[in-house]
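*Asks:* Position one of the sequence shown corresponds to residue 6 (my numbering), numbered consecutively onward.
For reference, the structure I am asking about is given below.
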Amino acid sequence: MSKIDFSKVLVAQGGGPTAVINQSLVGAVLESRKFREVERVYGAFHGVRGVVNEEFADLTQETTHNLELVAGTPSSALGSTRDKPDLKYCQEIFKVLQAHKIGCFFYIGGNDSSDTVRIVSQEAKAHGYPLRAVHIPKTIDNDLTVNDHTPGFPSAARFVAQAFAGANLDNWALPGVYIGVVMGRHAGFLTAASALGKKFPDDGPHLIYIPERPFVVEKFLADVKATMDRLGRCVIAVSEGVCDENHTPIAEKLAKQVERDDHGNVHLGGGALADNLTDLIKEKLGFKRVRADTFGYLQRSFVGCVSDVDQREAREVGEKAVQYAIWGDRDGTVTIHRTGFYSVDYRLTPLEEVAAKTRTMPDEFISPCGSDVTDAFRYYLRPLLGSGMPDAYRLRLARVPKILKGQG
Numbered sequence: 006m007s008k009i010d011f012s013k014v015l016v017a018q019g020g021g022p023t024a025v026i027n028q029s030l031v032g033a034v035l036e037s038r039k040f041r042e043v044e045r046v047y048g049a050f051h052g053v054r055g056v057v058n059e060e061f062a063d064l065t066q067e068t069t070h071n072l073e074l075v076a077g078t079p080s081s082a083l084g085s086t087r088d089k090p091d092l093k094y095c096q097e098i099f100k101v102l103q104a105h106k107i108g109c110f111f112y113i114g115g116n117d118s119s120d121t122v123r124i125v126s127q128e129a130k131a132h133g134y135p136l137r138a139v140h141i142p143k144t145i146d147n148d149l150t151v152n153d154h155t156p157g158f159p160s161a162a163r164f165v166a167q168a169f170a171g172a173n174l175d176n177w178a179l180p181g182v183y184i185g186v187v188m189g190r191h192a193g194f195l196t197a198a199s200a201l202g203k204k205f206p207d208d209g210p211h212l213i214y215i216p217e218r219p220f221v222v223e224k225f226l227a228d229v230k231a232t233m234d235r236l237g238r239c240v241i242a243v244s245e246g247v248c249d250e251n252h253t254p255i256a257e258k259l260a261k262q263v264e265r266d267d268h269g270n271v272h273l274g275g276g277a278l279a280d281n282l283t284d285l286i287k288e289k290l291g292f293k294r295v296r297a298d299t300f301g302y303l304q305r306s307f308v309g310c311v312s313d314v315d316q317r318e319a320r321e322v323g324e325k326a327v328q329y330a331i332w333g334d335r336d337g338t339v340t341i342h343r344t345g346f347y348s349v350d351y352r353l354t355p356l357e358e359v360a361a362k363t364r365t366m367p368d369e370f371i372s373p374c375g376s377d378v379t380d381a382f383r384y385y386l387r388p389l390l391g392s393g394m395p396d397a398y399r400l401r402l403a404r405v406p407k408i409l410k411g412q413g
C-alpha cells in the first residue's frame with residue numbers, strides 16, 4: 006500500500022447530538038490545520054449520509070474565531086444521522102472517500118459509528134487504498150467499552166443531577182410521588198447520575214431503577230409504598246430501558262400500544278413509560294398525587310448546563326485523533342483512561358475492541374438492593390460533573406409551640 010496522502014481530511018458527526026460534540030469537531034479541524042501535510046479539511050453534512058451524498062463543507066475556510074464560538078455551542082454543528090450503515094452502505098462511503106482522494110476520515114460518534122469506521126477501514130485495506138480512519142468517541146449513555154467514560158456523558162449527567170435536585174425540592178414542598186424517566190436503553194449510567202443531586206439524607210431520588218437489574222413490578226410498588234410510609238413522599242429515577250426478568254422492556258410490557266423504530270427496537274423515547282408507571286402507582290397504591298416527566302432530548306444539548314471537564318476532554322479527543330492519524334501507523338478509536346484521583350490519559354485502541362459493543366454499569370456501582378447506587382459510583386462520577394455545581398439549602402425551621410391545637 007502506498008503512503009497516505011493527508012492533503013484532504015474529512016470529519017463527520019453521527020448519532021445523537023451532545024453538549025460537547027462540537028468541541029471534538031473543532032479540536033479535529035484546528036489540529037488538522039496545524040499540519041502542513043493537510044491542505045483541506047472537509048466536513049460532511051449529516052454524518053455518513055452526507056458522505057454518500059457527497060455533501061461536504063470546506064472547513065478550511067472557517068475562521069478560528071467562529072470555530073471557537075461553535076465549539077462552545079451544544080448539538081452537532083454539521084448535522085447528524087441515525088443511519089446504521091451495513092457493508093453495502095460502507096462500501097458506498099469508501100467509494101466517495103476514494104473519489105475525493107480523502108486520506109484521513111474522522112467519525113465522531115458512539116458504538117455504531119465506531120463499527121462504521123471499522124468496516125470502512127477494512128474496505129480501504131481490501132482495495133489497497135491508503136486511508137487513515139479514526140473514530141472519535143461520543144455518547145451520553147457512557148456505554149462505549151474500554152473507555153473510563155465518554156465525551157457527552159459528563160454534561161448530560163450534570164443535567165440529570167441538577168434536574169433531579171430541582172425535582173426533589175419541588176417534591177419536598179408539595180409531597181407526592183415523582184417519576185423522572187432518563188435516557189439509557191442498555192446502560193444505567195445516566196439515570197444513576199441522578200444520585201449526585203442529593204445533599205440531605207432524605208433527598209431524592211429515593212429509588213433508582215436501571216437496565217442492569219431486572220425491574221419487578223411488585224417490588225417497585227413495594228419500594229414506592231415503603232418510601233411513602235417513611236417520608237411521606239417519593240422521588241424515582243427510571244432508565245427508559247428497564248426490563249423484566251425475561252428481558253422484556255417494561256415500556257412494552259405496560260404499554261397498550263407499542264411503537265418501534267426503524268431498526269425494530271421498541272421506541273423508548275416517548276412518554277409512555279412515565280405515563281404507565283404513573284397509572285400503575287395510582288391504580289395499585291391509591292396515591293393521588295403522582296407526577297412524571299420524560300427528560301428526552303433535554304438531556305443531550307441543554308444550553309448552560311455543560312461540564313467544563315467534559316468540554317476540555319471532548320476537545321482533546323478530537324486533537325488526539327488527528328495526532329494519532331498523522332503520527333501513527335494504524336487506524337483505531339481514541340479512548341479515555343483515568344489515572345490517579347482524577348486525570349486522564351488518551352490511547353489509540355483497535356476498533357474491534359469498541360465497535361458494536363456495549364458497556365454497562367459494573368456491579369460495584371449498584372447497591373445490593375438494586376434500586377440505588379454505591380459510594381463507588383459517586384466517587385467515579387463526581388469529578389466528571391465539573392466545577393460550579395449549584396447547591397441547595399434549607400431553613401432551620403425552629404418550631405413555634407401550638408396554642409389551640411395543643412389544648413386538650
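Glycine included, each C-beta is placed from N, C-alpha and C at the ideal position.
Mapping DSSP to helix, strand and coil, what is CYS374?
*Replies:* If DSSP states are grouped into helix, strand and coil, CYS374 belongs with coil.
*Asks:* On a CA-only basis, which of ALA326, VAL405, VAL349 and SER372 is nearest CYS109? Give me that one, please.
*Replies:* Cα-wise, what sits closest to CYS109 is ALA326.
*Asks:* Would GLY115 and THR86 qualify as a contact pair, given that the criterion is a beta-carbon distance under 9 Å?
*Replies:* No, the Cβ-Cβ distance between GLY115 and THR86 is not below 9 Å.
*Asks:* What do you get for SER392, buried or exposed, if any count of 16 or more other CB atoms within 10 angstroms of its CB means buried?
*Replies:* With fewer than 16 other Cβ atoms within 10 Å, it is exposed.
*Asks:* For ALA242 and PHE169, which I take to be in contact (beta-carbon distance under 8 Å), what is that distance rounded to the nearest angstrom?
*Replies:* Yes, ALA242 and PHE169 are in contact; Cβ-Cβ is about 6 Å, under 8 Å.
*Asks:* Mark TYR112 as exposed unless 16 or more other C-beta atoms lie within 10 angstroms of its C-beta, in which case mark it buried.
*Replies:* That one is buried.
*Asks:* For LYS143, which of helix, strand or coil comes out of DSSP?
*Replies:* Coil at LYS143, not helix or strand.
*Asks:* Which same chain residues end up closer than 8 Å to ALA397 when comparing Cβ atoms and leaving out the 5 residues on each side of it in sequence?
*Replies:* Closer than 8 Å at the Cβ level, and outside the excluded window around ALA397, lie ALA170, LEU174 and LYS204.
*Asks:* Could you please give me the residues that DSSP links to GLN18 through a beta bridge?
*Replies:* DSSP output for GLN18 lists ILE113 as bridge partner(s).
*Asks:* Got a sec? Which residues, its chain only, sit under 6 Å from ALA360 by beta carbon, not counting five neighbours each side?
*Replies:* Excluding residues within five positions, the ones whose Cβ falls inside 6 Å are SER119, ASP120 and ARG123.
*Asks:* Which residue spans inside the stretch 255-333 form an unbroken alpha helix (DSSP H) run of at least 4?
*Replies:* Fully enclosed alpha helix (DSSP H) runs of 4 or longer: 255-259, 277-290, 303-306 and 313-332.
*Asks:* Would you grab the beta carbon distance between ALA297 and ALA279 for me? Rounded to a whole angstrom, and I think it's under 8 Å.
*Replies:* About 4 Å; that satisfies the 8 Å criterion.
*Asks:* Using C-beta distances below 8 Å, list every residue in its chain close to ARG45, excluding the 5 sequence neighbours before and after it, in chain order.
*Replies:* The answer, listed in chain order, is SER12, LYS13, VAL14, ASP63 and THR65.
*Asks:* Rounded to whole angstroms, what is the Cα-Cα separation between LEU353 and GLY32?
*Replies:* Approximately 16 Å, taken between the alpha carbons.
*Asks:* Ordered along the chain, which non-local residues of its own chain (more than five positions away) have a Cβ less than 7 Å from that of GLU97?
*Replies:* These residues qualify, in order along the chain: VAL57.
*Asks:* Tell me the rounded alpha-carbon separation between ALA330 and VAL139.
*Replies:* Approximately 7 Å between the Cα atoms of the pair.
*Asks:* Any idea what DSSP makes of TYR398, helix, strand or coil?
*Replies:* Coil, per DSSP.
*Asks:* For GLY89, which residues from the same chain have a beta carbon less than 6 Å from its beta carbon, with the 5 sequence-adjacent residues on both sides left out?
*Replies:* In the sequence under discussion, the amino acid at residue 89 is Lys, which differs from the Gly named in the question. Same-chain partners within the cutoff: ASP117.
*Asks:* Could you pull the DSSP bridge partners for TYR134 from this structure?
*Replies:* Paired residues: none, contrary to the question.
*Asks:* Assuming VAL349 is part of the alpha helix (DSSP H), what are its boundary residues?
*Replies:* It is not in any alpha helix (DSSP H) - VAL349 instead sits in the beta strand (DSSP E) that spans 348-354.
*Asks:* Let me know the alpha helix (DSSP H) ranges lying completely inside the stretch 75-114, each 4 residues or longer, listed in chain order.
*Replies:* With a minimum length of 4 residues, the continuous alpha helix (DSSP H) runs that stay inside the stretch 75-114 are 92-104.
*Asks:* For HIS268, I'd like the list of residues in its chain whose CB is within less than 7 Å of its CB, leaving aside the five on either flank, ordered along the chain.
*Replies:* For HIS268, the predicted structure reports a pLDDT of 46, less than 50, and the residue's modelled location is therefore unreliable. The matter cannot be settled from this model.
*Asks:* Could you spell out where the beta strand (DSSP E) holding VAL182 opens and where it closes?
*Replies:* Here the beta strand (DSSP E) through VAL182 covers 182-187.
*Asks:* With a floor of 3 residues, list each beta strand (DSSP E) that falls wholly inside the stretch 183-229, ordered by position along the chain.
*Replies:* For the stretch 183-229, whole beta strand (DSSP E) runs of length 3 or above, ordered along the chain, are 212-214.
*Asks:* Here's the rule: buried if 16 or more other CB atoms are within 10 angstroms of the residue's CB, otherwise exposed. What is ASP228?
*Replies:* ASP228 comes out buried.
*Asks:* If you follow the beta strand (DSSP E) that SER244 is part of, which residue opens it and which one closes it?
*Replies:* That run of the beta strand (DSSP E) goes 239-244.
*Asks:* Restricting to Cα atoms, I'd like to know which of LYS407, GLY246 and HIS252 is closest to GLY276.
*Replies:* For GLY276, the nearest C-alpha among the options comes from GLY246.
*Asks:* So ILE286 and VAL182 are in contact, right, with Cβ under 8 Å, and what is the actual spacing, rounded?
*Replies:* The pair is a contact, with the Cβ atoms about 6 Å apart (cut-off 8 Å).
*Asks:* Does DSSP classify ARG387 as helix, strand or coil?
*Replies:* In this structure, ARG387 counts as helix in the three-state DSSP scheme.
*Asks:* What is the DSSP secondary structure of ASP234, reduced to helix, strand or coil?
*Replies:* Residue state, collapsed to three classes: helix.
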